[in-house]
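A.B. asks:
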Amino acid sequence: VQLQASGGGLVQTGGSLRLSCAASGSRVGSATMGWYRQAPGKRREMVALITSGGGTRTIAPSVKGRFTISRDNAKNTVFLQMANLKPEDTAVYYCNFFASDHDDWWGQGTLVTVSS
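FYI, the working numbering numbers position 73 of the sequence shown as 89, with every residue one higher than the one before it.
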């Protein structure tokens with residue numbers, strides 16, 4: 017599985033961005049997809065997850081109400097819509113494909129910088 021994340025950039029506080037993650041392979045529709053982030057000097061943390069059918073979404077408390085995760089299985093793509101961005105959202109955002117402990121893949125990351 018190859019994951020290509022895009023959509024990061026520089027935005028002012030209160031702004032919005034939409035991240036996209038395009039995945040290769042026909043198994044994408046059967047996997048849980050997610051977004052994680054890692055800020056400088058901090059551990060990687062989960063931001064949002066969405067199950068294969070999109071029926072269950074898990075959102076980290078720190079971004080709840082501001083970020084939304086969605087997926088388009090026909091296009092093998094998962095999205096992270098981010099609104100009301102804050103400087104503490106600055107991080108490299110990574111896309112994840114998880115089908116099992118042995119079938120777990122990461123994208124290369126896209127940098128989001130929120131200026132104050």
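Glycine is no exception: its CB is placed at the ideal position from the N, C-alpha and C atoms.
Helix, strand or coil for serine 46, going by three-state DSSP, please let me know.
C.D. replies: Locating residue 46 in the sequence shown gives position 30, counting from the first residue. Note: serine 46 maps to helix in three-state DSSP.
A.B. asks: For serine 116 and serine 46, I'd like the C-alpha separation in whole angstroms.
C.D. replies: Along the sequence shown, one-based indexing puts residue 116 at 100. Along the sequence shown, one-based indexing puts residue 46 at 30. Whole-angstrom Cα-Cα distance: 11 Å.
A.B. asks: In whole angstroms, give me the CA-to-CA distance for arginine 82 and glycine 125.
C.D. replies: Taking the first residue of the sequence shown as 1, we reach residue 82 at position 66. Taking the first residue of the sequence shown as 1, we reach residue 125 at position 109. Their Cα atoms are separated by approximately 20 Å.
A.B. asks: What's the gap between the Cα of glycine 57 and the Cα of glycine 69?
C.D. replies: In the sequence shown, counting from the first residue as 1, residue 57 sits at position 41. In the sequence shown, counting from the first residue as 1, residue 69 sits at position 53. If I take the Cα positions, the gap works out to 34 Å.
A.B. asks: Where alanine 39 and glutamine 18 are concerned, what is the direct C-alpha to C-alpha distance, given to the nearest angstrom?
C.D. replies: Mapped onto the sequence shown, residue 39 falls at position 23. Mapped onto the sequence shown, residue 18 falls at position 2. Going from the Cα of alanine 39 to the Cα of glutamine 18 covers about 6 Å.
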